[in-house]
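First residue of the sequence shown? That's 18 in this note's numbering, and the numbers climb one at a time after it.
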Amino acid sequence: MKTMIEEGKERIIMEWKPKEKHLCELEGPYECEDCGGHVMLDATYLDQVEKFAYCPYCTMKGVVKEEKTRDIEMYIGYQNKTWETRFVSIPLSIPEDKIEKTATTIAMSLFYNSPDTFDEVAFIGVYHIPEIEEAI
Ligand SMILES: [Zn+2]
Numbered sequence: 018m019k020t021m022i023e024e025g026k027e028r029i030i031m032e033w034k035p036k037e038k039h040l041c042e043l044e045g046p047y048e049c050e051d052c053g054g055h056v057m058l059d060a061t062y063l064d065q066v067e068k069f070a071y072c073p074y075c076t077m078k079g080v081v082k083e084e085k086t087r088d089i090e091m092y093i094g095y096q097n098k099t100w101e102t103r104f105v106s107i108p109l110s111i112p113e114d115k116i117e118k119t120a121t122t123i124a125m126s127l128f129y130n131s132p133d134t135f136d137e138v139a140f141i142g143v144y145h146i147p148e149i150e151e152a153i
């Protein structure tokens, strides 16, 4: 910990240390409306402390709006000819005609050859899209 004089005031300088990505649970990126800077925020902080943070570039206060989501049921087929369904969350703002593509893209990144899936994924598709009323 060091101190320095900045804008006539003494400030404490904390050193930011790099952290391994797999040890962090981050949400974002978010964009600051004021300066356009992009930030990732700690998911635990957002869940348990505050839904806002100060932009590290311009110091404006930024509020994280909670985006409503709906869960799309996907079928996941495996190389060993078994299959199962899994849910993925997509923002409610995604238009109807883009739901299938968005949900499939998310499911691919979550399940395709993921270490959690006990066998290799052979195919992924949309199984059921709930009506918006069901989803909320
Ligand atoms: Zn900013």
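For glycine and all other residues, C-beta sits at the position ideal for the given N, C-alpha and C.
Which of the three DSSP states is assigned to residue i in this structure?
| i | result |
| --- | --- |
| I111 | coil |
| I29 | strand |
| A37 | It is Glu, not Ala, that sits at residue 37 in the sequence shown. Residue state, collapsed to three classes: coil. |
| S131 | coil |
| K19 | strand |
| E101 | strand |
| E117 | helix |
Tell me, please, which residues DSSP counts as bridged to residue i.
| i | result |
| --- | --- |
| V81 | V81 pairs with nothing; no bridge assigned. |
| Y47 | V56 |
| D88 | S106 |
| Y95 | V138 |
| V143 | M91 |
| A70 | G79 |
Less than 8 Å between the CB atoms is what I'm expecting for residue i and residue j, so what's the real figure, rounded?
| i | j | result |
| --- | --- | --- |
| G79 | Y47 | 7 Å |
| V138 | A120 | So it is not a contact: roughly 15 Å between Cβ atoms. |
| I116 | T86 | Contact flag wrong, Cβ pair sits at about 12 Å. |
| Y74 | C41 | Contact flag wrong, Cβ pair sits at about 20 Å. |
| E90 | F104 | 6 Å |
Looking at ligand 1, does it come within less than 7 Å of residue i, judged from the CB to the closest heavy atom?
| i | result |
| --- | --- |
| Y129 | no |
| M57 | no |
Between residue i and ligand 3, is there a pair consisting of the residue's CB and a ligand heavy atom that are separated by less than 7 Å?
| i | result |
| --- | --- |
| S110 | The model depicted lacks ligand 3 and carries ligand 1 instead. |
Quick check on residue i - is its C-beta less than 8 Å from some C-beta in chain C?
| i | result |
| --- | --- |
| M125 | In the displayed structure, chain C is absent; only one protein chain is listed. |
Quiz item: Whose beta carbon lies closer than 6 Å to any heavy atom of ligand 1, going through the chain in order?
Solution: Applying a distance threshold of 6 Å between residue Cβ atoms and the heavy atoms of ligand 1 selects C49, D51, C52, G54, C72, Y74, C75, M77, given in chain order.
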